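Take a look at the structure set out below.
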Amino acid sequence: MDNILSEKVIIKEVFLNAEQIHFRVKQLAETISNDYLGKEFTVISVLKGSVIFVSDLLRNLKTNCSVDFIRLSSYKGNESSGVVKLISDINENPAGKNLLIVEDIVDTGFTLSYLQKKLLAMKPSSLKTCVLLDKYSSRKVPVQIDYRGFMIPDQFVAGYGLDYLENYRGLPYIGIISR
Ligand code: IMP
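Just remember that my numbering sits 1445 ahead of the position in the sequence shown, which is counted from 1.
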């Protein structure tokens, strides 16, 4: 039985097309490359949503880095529960390293705030954060964002790694979900 939600019904409009996303990701990669020139650093990719963003970002960096992954969850359906769960942790010890968190979207800020506090407690040499989408008007806790792709309104979006009920991560664009 076909239980895939129809893209045409659920995505009410394209918010960012593939070209707009790639242009901005290249700009972010250039800024990050310049800022980390001559420095060793580790990208911490937040799964699952950042998987496509981090792949494109890494391929556009002009400087070498190592990569680690962390999997967190705070969403129930399309609402943030406010309770962040650690599903799987980073592999490398971050102490003394320059860390760059790469996250798909910041909404309430609970997830990023949890991660920033967790990593800071492990005494890295520096900690910066790069997010593709900033849903700034939904913020409930303040978070530090050093590199930001796009500011977006309070709408639920999917595509380019972001899901709606685990669907649409593979779309090349970011669309607004009708609800
Ligand atoms: P926060 O803790 O409320 O800031 O939510 C962060 C996490 O919620 C992100 O890492 C996403 O996984 C998810 N999220 C928040 N808004 C959206 C959205 O519009 N589309 C898809 N996922 C979202």
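The C-beta atom is built at its ideal place from N, Cα and C for all residues, glycine as well.
Since the model is a prediction, treat every value here as computed from it, not as a measurement.
Along the chain, where does the beta strand (DSSP E) containing residue i start, and where does it finish?
i, result
"Phe1595", "1592-1596"
"Val1458", "It is Glu, not Val, that sits at residue 1458 in the sequence shown. First-last of the beta strand (DSSP E) with Glu1458: 1456-1461."
"Val1488", "1487-1492"
"Ile1622", "1619-1622"
With respect to the alpha helix (DSSP H) encompassing residue i, which residues constitute its N-terminal and C-terminal limits?
i, result
"Glu1611", "Per DSSP, Glu1611 belongs to no alpha helix (DSSP H) and is neither H nor E."
"Arg1504", "1496-1505"
"Phe1555", "1555-1565"
Pull up the DSSP beta-bridge partners for residue i, would you.
i, result
"Asn1543", "Ser1571"
"Leu1531", "Leu1517"
"Ile1466", "BP columns for Ile1466 are empty, so no partner."
"Ser1511", "Thr1487"
Does the beta-carbon of residue i, which I'm using as the reference point, lie nearer than 7 Å to any heavy atom of the ligand IMP?
i, result
"Phe1555", "yes"
"Phe1460", "no"
"Leu1631", "Absent from the structure is residue 1631, since the part of the chain shown begins at 1446 and ends at 1624."
"Ser1519", "yes"
"Gly1615", "no"
"Glu1548", "yes"
"Gly1604", "no"
"Gly1601", "One detail in the question is off: residue 1601 reads as Phe in this sequence, not Gly. Yes, Cβ of Phe1601 sits closer than 7 Å to a heavy atom of the ligand IMP."
"Gly1494", "yes"
"Val1551", "yes"
"Leu1577", "no"
"Leu1607", "yes"
"Val1491", "yes"
Indicate whether residue i and residue j have their beta-carbon atoms separated by less than 8 Å.
i, j, result
"Leu1544", "Ile1515", "no"
"Val1529", "Phe1498", "no"
"Leu1517", "Ile1532", "yes"
"Thr1574", "Ile1546", "yes"
"Ile1550", "Leu1572", "no"
"Leu1506", "Ala1463", "no"
"Pro1587", "Leu1564", "no"
"Ser1489", "Asp1513", "Correcting the residue identity first, residue 1489 is Ile in this sequence and not Ser. Yes, the Cβ-Cβ distance between Ile1489 and Asp1513 is below 8 Å."
"Tyr1581", "Ile1466", "no"
"Gly1541", "Ser1511", "no"
Is residue i a contact residue of the ligand NAD, with contact defined as CB to any heavy atom under 7 Å?
i, result
"Lys1580", "Annotation note on the ligand NAD: not contained in the displayed structure, which lists the ligand IMP as its ligands."
Contact between the segment 1456-1465 and the segment 1610-1623 (3+ Cβ pairs under 8 Å): At 8 Å Cβ cutoff, the stretches touch.
The segment 1596-1605 / the segment 1478-1489 touching (three or more Cβ pairs under 8 Å): With contact defined as three or more Cβ pairs closer than 8 Å, the segment 1596-1605 and the segment 1478-1489 are not in contact.
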